[in-house]
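Colleague:
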Amino acid sequence: MSLKDVLTPFTAWKRIAKEPVTVIDPFNDRPGADRYRGFHQNDVEKCIGCGTCEAICENEAIDMVPFKDPISGDSGLRPSLDYGRCCWCALCVDVCTTNSLKLSNEYTWITTDPEDFRFTPGVDKKSWDENDKGWVKPEPNYEFYNTQRVEMEHLHPEERVDSFIEMVKGYSHEQALAEADRCVECGICIATCPAHMGIPEYIKAIRNEDLEEGLRILYETNPLPEICGRICTHKCETVCSIGYKGDPLSIRWLKRYIADQVPSERYQSILNTNDINNNGKRIAIIGSGPAGLSAAHYLALMGYQCTIFEQYEKAGGMMRYGIPEYRLPYDQIDKDIDYILSLGVEIKYNTRVGRDITLDQLSQDFDAVFSGTGLHLGRSTGIEGSDNEHVYYSTDLLRQITEGKDIEVAEHIVVIGGGNVAMDITRSLARMQKVKYGKVNIIATSLEKEENMPADREEVVESREEGAVLMPGWAPQRIEIQHGRPTGLHVVKCNSLFDDTGRFNPQCDMEVKNFFEGSMIVQSIGQGMDLSYVDEKWMEGLSFGPRGRVKTNEYFQTDLEWFFMGGDIIEGPDVIHGIANGHKAAIGIDRYLQNLKD
Amino acid sequence: MDYSLSRFLYTLLGLFIVMNWGMLMSSTMRRIIARVSGRIGIPWYQPWIDLIKLYSLRSQITHGTMFYLGPVFRLMGGVGLFLFMPMIYGSAYFMNYSFSGDLILILYFQFFGMLGMALGAGEGGQPYSAIGISRGLSQFTTIEVPMTLAVISLAIQYDTLSITEIVKAQQGSIANWTLFTNPFATIAAMLSLLGAFGHSPFNLVKAPNEIPIGPPTEYHGTFLGVLRTNGAILHVTEAALFMNLFFGGATSWLELILKTFVIYFWSVFVGVVFPRFRIEQSVRWFLKWPTLIGIISILIWM
Amino acid sequence: MKQLVEIIQNHFPINDIDLRKKSLAFISIHQNQAIPLLEWLKTTHGYTAFVLLTAVDWIEENRFQLTYLISNPENFTELGVRVFIDREKAEMVSAHHLWKSIWVYQRELKEMFGINFPDSPRVNESFILEGWDTIPPYRRDFDTKQYSEETYFPRPGRSTNDPAKHMKSKLYPKD
Amino acid sequence: MKKDFDKDALSDMYKDKFLAPENEIRFVNAPDGSIIEVNPLDDYFCQERPKELKPRKGVVEKFLNWARAESLWVLGFGTGCGSIEIPPLSTPRFDMYRFGVQMRATPRQSNVFIISGYLSVKTLKRAIRSYEQMPSPKYIIALGSCTINGGMYWDSYNTINRLDHYLPVDVYIAGCMPRPEALLAGFGKLKELIKEGKAEKANEYIQNLDWYKANQKKIIKDWNMPDYNW
Amino acid sequence: MFTINNDRSKFPELDDAGNALIDLTSHKYLKLWQGPQHPGVTGNMSLELTVTGDEIVESKTHVGYLHRGFEKLMERRTFIQCFPTCIRLCVAEPDPNEYLLSSCVEELAGIEVPETAQWLRMLALEMARLQVLLRQVPGQAGTFALGLGYQWGNYIRDLILDRFEELTGGRVYHMYILPGGVRGLLPNGFKNRLEENLKLVDEFLPNVWDLIYTNSVFKKRAKGLAVIPKEWIDQYGIYGPAARAAGIMRDVRKTHPYLFYSEIDFEPFTTDESDVFARSLVRWHDLKMTVDIIRQILAKMPEKGDIKAPTPNVMHWKIPKGETYVKCESSRGEYGMYLVTDGSDKPRRVNLKGPSYTHATSVLEKLLVNANIADTAAIMVSLATCPPEIER
């Protein structure tokens, strides 16, 4: 033991000259760091109640509690925290699809009652609600799932513009897996889908590489997956929670992937529809569009003998006669329809009710009648010159294209309308122009401005890719007719479409004029229904609601008990509503007939 | 000896002052230690609050009669030490019951409290108490060796066993203090003081992270309050003993306060920067250097 | 690693070879051969350090996998020796004579998996749990959540809603 | 506040399960050759049922409560991860000593028991014992989610979910881990409660002793100690 | 004058295996429990000691007071959910847990972590080591009741925790390293603030050296105490500083360089004494080295870059069937994780192996025999036992 070893420790006493380093007021002098993971905040307006936070929480600390009534795209639920469970890992913040959830840097909460530690951030007022520091999702390139959609391969515009070959190639196995992996299984989309398809479940089936299960899930609510997988308006994707941070999930393409991958021969064994007990009841179905086919499918599964009356020579209705082949190839329509027919559904082609057979006859021959006749009549703009023979309706043209009839395609064409049908006819005609003239020269004009155009965004973009010129925001005034042939369309600038009360009341600036040259004018501003097949005596029994639509109950039963109506004439217009209506009507018919028996 | 009432009352007053000073001193020391650590430390009035708290606890349990008596014995040791210790030299009031042979009695009282505590804590049945006691007794025995040697040296030097006489002999000038007249005895005593005050490296009786916390493990509430009261009295009185023997005594309360503070601070000064010895190391240490110095101090005066 | 595995193959019947990375490989061997293999590796190939012993419950295959992970402090490689034992008769020869620390692992396995190691020191003393009276907790058929809910009074009064179901009940209850 | 519970339903849980070997009656040879009977339960433990210790009335109690509040002695028993924040509190940065909070090494001298997070069943047994050995009035501060509703370990087979079923808790602090400041604020809250005379959970524990014991015995499978450890 | 005699007459007979045969009724021995409520025990564990006089003749470690069944809990959590769960395993130094889980998962899933994230991981791991050592180095003297250095060290540790709070958002549980990367870049001015704290450590190092390592009483107590023979290192499984104090180089950063440790210039300190003092000395040098490593990391790491590799959707991340063992160097020594997956989205089995598993059981039990009761705490701390690591 040296003396140095005894003395050196005493040097520690030099510390006595130093001021203490203690934080004098620990409650105020030391706020949490900027990134501190303190108590939760939630922007309830931004939050959509997708419940992803609840799903990722390893402690089951989060409950989803009702905050307001649900609407499409918002479950109305908000996360409620149990601080008897939370571990402040902030995984809920990192995974939050809308970035509404964050943690403040407040960290002191003391109480005598353990039941206090439950609250709904953003709803229950807390002292840290205004605190703008704390943990937010780290940036950049920090995501718990891929926010970018797996690109669907399309035919190149140059390749596709001169043919009607299907332009969307469909997902490969890897692509589908990668895309399906992005789903967070929140289920917000289900309510928005008119058919309420089990979207998260069939996406999960893709992930599990169990396409048979996927097909079964599809057919629970949708008997036309090939068709829907191509041309559905995919309202589900507009509310997809993943879409808030990046691209929404390609739900439609994934559906198509399932249907594409399962060969039609295997449908019956997968869906287990080999032996259906026929219950001897007969149902007549008017129209083989989506509503009719859907009703027929579900009724057939229930054991009803269905007969479809189709006025044209092929089944599919608008799906076949209204949608161009490059979007929906006919063989895919046939795949779906053939399966439905395999269930024992009978179709009478070229049989128009009201012309070849009366509704009255049907009401006597069948136990119930379902009508899904759709919107086939083109609507006229009613402007000067629109009665010219070279001014067409898009519905007619599309049908003629499908039927393979020769169409006199002009070199300059003007299409009036900004909806999906307008885009369809624009693009179809563009293809024909390309074949005939070697170049595309077509103008599509619409009342709505670019951002309000009802057509799908991708349709607009693809139309442009194919060379069509889009001129949104112009109101048609007059069709210039020279020598019995239109030469163009006079338009004025349209400023707004709706007045303050939300009524359709276009305001135009008459000073700003324009003229679109075209020797062929196509009107595509909507379609109308044709109820002429309903006999006078039955017509009296129906009541009508707004916009001239027949009033039905929730099962699409009209005031005539045996008569059900659905599809575009009731709701829509789109395929998925028709499918949903048909399914619902099938249930309704079953209930009606069951009750009748009892 | 004069047993008049006023003397008794003055002694009580002295006891009161000593007790309060003892508590203030302990909180001050803890604040100093805290400052070396970089902390602020307890408020200066904390010992009083602690004491009120301890006396106001609602539930107390006992392990038997001796368990009760342990703290009482301990207090008796402290109070006894005080009673026979002249506090203020030259004051008629605060000479307490000092008499000509008081040094002997005081050395005995130093040990008395320890023994009482041993009996009481043993009754508590806690093994750590028992270990603490065995450590305490063996260490205290060895502490006493240099201390006693120093006292013997003093007795030879001053030719008396009365503390008052020893203080008296040191009056006049600082040079008369035993510190300068008999430095070896002072060093031996000051080293043994390190053990008596129970700071590191000799705090192995309570040793919180070895045998938490030794003899008082089972004591709580009033018992602990009594022990703490005693601690306050004992620390000042023992420091006063060293002051009287080696540092010229005190002629006023202020002087007493200053000198006891410095003497007590000595043990803190060492304690803060050294770890604790093991018991056999401690025993050996006391029997080595301090004892040797003590013997030298006697040899010088022989 | 590859060379070593080849050498072992010459002496012991091993299968399921998984050369995980440069310094780590896993091999499987029959229950009876495992302890001799470990001893052989320890004495002749410098695998003197014992890293861990643990079990995996393959309940579907009705067997336990015991993994002895040993390491060679000279060339810094690790070798995992897998042994499969029957789940019904979970018993394995003790290796406590090879390494001084191995009895602790065996004691833990006995308690948490119910795998017996006869003759291992203190193997029957409880190690982690106290007064445990159901099946060993690390076995797959022990459901910890269910046990916890039945035993530990979870705080009542919480309810949650699945977004999809909630929307269904509010928006389209009859579908 | 008296807690209601169905005594009959719990009666089979409420009987002593078995006695630890060291608590069995045994005979010891004394040095003088006589034989002494030792009954640990009688000799080492107080078998008497604890009584409720009512607070005094009026100003005296207020003064005493003030002293109790300003002198909180914390039992040095780190039951879970929360104990990692005790050293910062007793070291320069936060220095809880200046608030009258001190650490004690033995339950006999402590008033405050910090249950620092999760309690495994094995620790719960020791915690109950330590708590019961503390002199009244005594207080419990529960730290973190785990004590409230199981926290991280809500589905663990070995940790309790709700501390208030086994021990009476005065103050809960949210967090995992609560920052040291939160713990200091917890001490502040406890002081407030004591000064207001509201921290009487020790008496509540005695009032509902049967209920607490039934809960404790339900999960402590090898209950081998007396019902109340004085 | 006084020498400890090695006469074993007062000790119990030994059986063939070297275990003491203790007859408690002989009144020669006392059963003494240290812990779980005992300030000298590191964490919530207990030692069942049989003593005669002050000397321990037999010691048994009892753990399980902190058992939460992590390995079971993780079997029912998805990989991302495992990450906040797993790190709570060791409260003093949670980062190695994070790192091990992440790198096990990455290895089995075949994910390449971005370079910036790897440097940040290294920084977090070294800062974690720094804050542990700031407690451990003076803590060794604390077990001998010299608490001053502990107080100083803890203050600096608090400052390091502040830096952690800035970087990771958490003070104790950082939850920073997650499968695929890390959860944030360095905040603005972070390097400067960390450098200021490192300067405090620079100042602290000589101060504790003077206070502790040249302290006669500390030397007297720690030197020659609990010597671990060299041949025990592999036999008993002794890692990290304890092995380095015995003159055997055991540092995963050197032997199996992970992250970018191969680009860092450092040489762990070794010594041959192998007693408590030597282990403490190794830790002091480790502390010094850690400061140096952190400075090198700060100088070499890129400022910007990706912090996380793209992973599959974590909500249902399935990892192919496989098993692996990944290890890293914690402040206590080699810390490893054995992960078995079965192709589902949850691990099949997780086993964490920390040095305490052997240190606190077989090694401690052996070392405590013939030691003094007063030295139990010191021996435990010198082995850096961390009970949750044993029972998990």
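Protein chains in written order, with this note's numbering: chain A, 1 to 598; chain B, 1001 to 1302; chain C, 2001 to 2175; chain D, 3001 to 3230; chain E, 4001 to 4392. Every residue gets a Cβ at the ideal spot worked out from N, C-alpha and C, and that includes glycine.
So residue 253(A) contacts chain E; which residues on that side make the cut at Cβ distance below 8 Å?
Modeller: Residues of chain E passing the Cβ test: none, with the nearest at roughly 17 Å.
Colleague: For residue 4104(E) and residue 4339(E), I'd like the C-alpha separation in whole angstroms.
Modeller: Distance between residue 4104(E) and residue 4339(E), taken at the CA atoms: about 7 Å.
Colleague: So with Cβ pairs under 8 Å, would you call residue 77(A) a contact of chain C?
Modeller: Nearest CB-CB separation between residue 77(A) and chain C: below the 8 Å threshold.
Colleague: Given residue 219(A), which residues of its chain have a CB within under 6 Å of its CB, disregarding the five upstream and five downstream residues?
Modeller: 271
Colleague: Here's a check: name, in chain order, each residue in its chain whose Cβ is nearer than 6 Å to the Cβ of residue 3206(D), leaving out the five neighbours to either side.
Modeller: 3050 and 3052
Colleague: Can you grab the Cα-Cα spacing for the pair residue 4150(E) / residue 2118(C), in whole Å?
Modeller: 46 Å
Colleague: Taking the alpha-carbon positions, what's the residue 2082(C) to residue 2004(C) distance?
Modeller: Taking the straight line from one Cα to the other gives about 16 Å.
Colleague: Answer yes if the stretch 9–26 of chain A comes into contact with the stretch 3102–3122 of chain D, meaning at least three C-beta pairs across the two stretches below 8 Å, and no otherwise.
Modeller: Not touching, per the Cβ criterion.
Colleague: Around the C-beta of residue 1259(B), are 16 or more other C-beta atoms found within 10 angstroms, so that it is buried, or is it exposed?
Modeller: buried
Colleague: Who are the neighbours of residue 108(A) on chain D, taking C-beta pairs under 7 Å?
Modeller: 3181, 3182 and 3185
Colleague: Using the C-alpha atoms, what's the distance from residue 3071(D) back to residue 144(A)?
Modeller: So the alpha carbons of these two residues sit roughly 50 Å apart.
Colleague: Provide the residue span of the beta strand (DSSP E) that contains residue 2058(C), from first to last.
Modeller: 2049–2058
Colleague: Tell me, please, whether the CB atom of residue 120(A) is closer than 8 Å to any CB atom in chain F?
Modeller: Of the chains in the structure shown, none is chain F; the protein chains are A, B, C, D and E.
Colleague: Between which residues of its own chain and residue 2948(D) is the CB-CB distance below 7 Å, once the five residues before and five after are set aside?
Modeller: Absent from the structure is residue 2948(D), since the part of chain D shown begins at 3001 and ends at 3230.
Colleague: Run down chain B in chain order and give the residues with a C-beta less than 9 Å from the C-beta of residue 15(A).
Modeller: Around residue 15(A), the beta-carbon contacts reaching into chain B at under 9 Å are 1035, 1036, 1037 and 1038.
Colleague: In chain order, what residues of the same chain have a beta carbon less than 6 Å from the beta carbon of residue 4222(E), not counting five sequence neighbours either side?
Modeller: 4276 and 4277
Colleague: Can you tell which of 1296(B), 1153(B), 1047(B) and 1086(B) has the C-alpha that lies nearest to the C-alpha of residue 1241(B)?
Modeller: 1086(B)
Colleague: Please find out if some non-hydrogen atom of the ligand MG comes closer than 7 Å to the beta-carbon of residue 531(A).
Modeller: The ligand MG is absent from the structure shown, which contains no ligands of any kind.
Colleague: For the stretch 4208–4223 of chain E, which residues have a CB atom closer than 7 Å to at least one CB atom of chain B, in sequence order?
Modeller: 4211, 4215, 4217, 4218, 4220 and 4221
Colleague: Please state the DSSP three-state secondary structure of residue 379(A).
Modeller: In this structure, DSSP gives residue 379(A) a state outside helix and strand, which the three-state scheme calls coil.
Colleague: Taking three-plus beta-carbon pairs below 8 Å as touching, is the stretch 528–539 of chain A in contact with the stretch 252–265 of chain A?
Modeller: Taking a cut-off of 8 Å for Cβ pairs, the stretch 528–539 of chain A and the stretch 252–265 of chain A do not touch, as fewer than three such pairs fall below it.
Colleague: Is residue 4206(E) helix, strand or coil when you go by DSSP?
Modeller: Here residue 4206(E) sits in helix by DSSP.
Colleague: What residue range does the alpha helix (DSSP H) around residue 2146(C) cover?
Modeller: 2144–2151
Colleague: Candidates 1126(B), 1056(B), 1211(B) and 1158(B): which alpha carbon is nearest residue 1246(B)'s?
Modeller: Between residue 1246(B) and the set 1126(B), 1056(B), 1211(B) and 1158(B), the nearest pair of CA atoms involves 1158(B).
Colleague: So, under 8 Å CB-CB, residue 548(A) and residue 290(A) are touching, yes? Tell me the CB distance rounded to an integer number of Å.
Modeller: About 21 Å separates the two Cβ atoms, so there is no contact after all.
Colleague: Please confirm whether residue 3149(D) has its beta-carbon closer than 8 Å to some beta-carbon of chain E.
Modeller: Interface residue (Cβ-Cβ distance to chain E less than 8 Å): residue 3149(D) is not classified as such.
Colleague: Is residue 1219(B) close to chain D? Criterion is C-beta to C-beta, closer than 8 Å.
Modeller: Yes, residue 1219(B) lies at the interface with chain D (some Cβ there is under 8 Å from its Cβ).
Colleague: Helix, strand or coil: which one does DSSP assign to residue 2087(C)?
Modeller: coil
Colleague: Do you know offhand how far residue 591(A)'s Cα is from residue 238(A)'s?
Modeller: 34 Å
Colleague: Helix, strand or coil for residue 166(A), going by three-state DSSP, please let me know.
Modeller: coil
Colleague: Can a CB atom of chain A be found closer than 8 Å to the CB of residue 2152(C)?
Modeller: no
Colleague: Please work out which residues of its chain come closer than 7 Å, Cβ to Cβ, to residue 3015(D), disregarding the five sequence neighbours upstream and downstream, and give them in chain order.
Modeller: Low confidence applies here, because residue 3015(D) scores a pLDDT of 44, under 50, leaving its location unreliable and the question unanswered by this model.
Colleague: Taking Cβ to Cβ, would you say residue 445(A) is nearer than 8 Å to residue 414(A)?
Modeller: Closer than 8 Å, so yes.
Colleague: According to a CB-to-CB cut-off of less than 7 Å, which residues of the stretch 3101–3131 of chain D neighbour chain B?
Modeller: 3105, 3106, 3108 and 3109
Colleague: Can you pull the chain D residues whose beta carbon is under 8 Å from the beta carbon of residue 2145(C), in chain order?
Modeller: 3155
Colleague: Mapping DSSP to helix, strand and coil, what is residue 459(A)?
Modeller: In the displayed model, residue 459(A) falls within a helix according to three-state DSSP.
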